[in-house]
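Asks: My questions all concern the structure below.
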Amino acid sequence: VPTLAVENSLRLDLGGRTLVLETQPTAHTDNDLTITDTATDTLFLGDLLFSVHVPTLDGSIKGWLALIDEFSRREAARVVPGHGPHAMALPEALQPEQRYLAAIAGDVRKLIKDGKTLEDATRIAGFSERDAWRLFDQFHVRNVTAAFAELEWE
283 VPTLAVENSL RLDLGGRTLV LETQPTAHTD NDLTITDTAT DTLFLGDLLF SVHVPTLDGS
343 IKGWLALIDE FSRREAARVV PGHGPHAMAL PEALQPEQRY LAAIAGDVRK LIKDGKTLED
403 ATRIAGFSER DAWRLFDQFH VRNVTAAFAE LEWE
């Protein structure tokens with residue numbers, strides 16, 4: 283049972299090591315949290331950063347792309363993803379994920395503008411990224427479905 287809530291940010295002094303916990307706006311999910319280890323300048327992004335494994339969208343594609351832009355401007359010695367290698371460099375670590383999500387968003391927006399359906403989108407949107415990601419076939423259609431539901435009301 284959690285005993286400590288994080289409103290916006292929280293500094294935890296672990297006795298010689300400080301961790302900064304920060305809530306994030308809706309992106310991968312509606313309850314994303316990042317952790318910075320100030321001693322090593324390590325940013326733990328958790329599932330806000332997927333590497334190798336295709337990202338899974340349970341929040342907002344627009345929010346996730348905006349957050350990637352924000353993290354791309356941030357300085358950290360290393361970043362740790364939720365899925366993928368144990369540590370990576372910023373902003374390079376974010377680029378494949380940004381490319382994938384931008385491909386989905388761009389394709390879905392065009393399909394909506396052209397009067398295409400969700401079913402059309404699940405067969406077309408973002409497939410240019412198929413070879414770049416593991417588990418693409420297992421999660422991609424659900425990502426397109428979530429993106430379509432969000433973007434059709436822009």
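Just so you know, we're using the numbering used here here: the sequence shown kicks off at 283 and counts up by one. No residue lacks a Cβ here, since even glycine has one placed at the ideal position from N, Cα and C. From a predicted model like this one, the values you see are computed outputs, not experimental measurements.
1. Compare the C-alpha of L315 against each of F430, S333, P363 and name the closest.
2. For A247, which of V334, T285, G345, R293 has the nearest alpha-carbon?
3. Can the beta-carbon of E436 be found closer than 8 Å to that of I343?
4. Based on Cα-Cα distance, which residue from A384, E352, A403, A385 lies nearest to L372?
5. Please state if the CB of G408 and the CB of A385 are separated by a distance shorter than 8 Å.
6. To the nearest angstrom, report how far apart P426 and N290 are at their CA atoms.
7. Assuming L383 and V361 form a contact by the criterion Cβ under 8 Å, report the distance between their Cβ atoms to the nearest whole angstrom.
8. By DSSP, does V390 sit in helix, in strand, or in coil?
9. Per DSSP, which residues does R381 bridge with? Please list them.
10. Could you tell me the alpha carbon to alpha carbon distance between G341 and T305, rounded to whole angstroms?
Replies: So, from the data block:
1. P363
2. In the structure displayed, the chain extends from 283 to 436; residue 247 sits before or after that span and is not available.
3. No, the pair does not count as a contact, with Cβ atoms beyond the cut-off.
4. Minimum Cα distance to L372 is reached at E352.
5. yes
6. According to the sequence shown, residue 426 is Val rather than Pro. The alpha-carbon atoms of V426 and N290 are separated by roughly 30 Å.
7. Actually they are not in contact, since the Cβ atoms of L383 and V361 sit about 17 Å apart, beyond 8 Å.
8. helix
9. Answer is none; R381 lacks a bridge partner.
10. 14 Å
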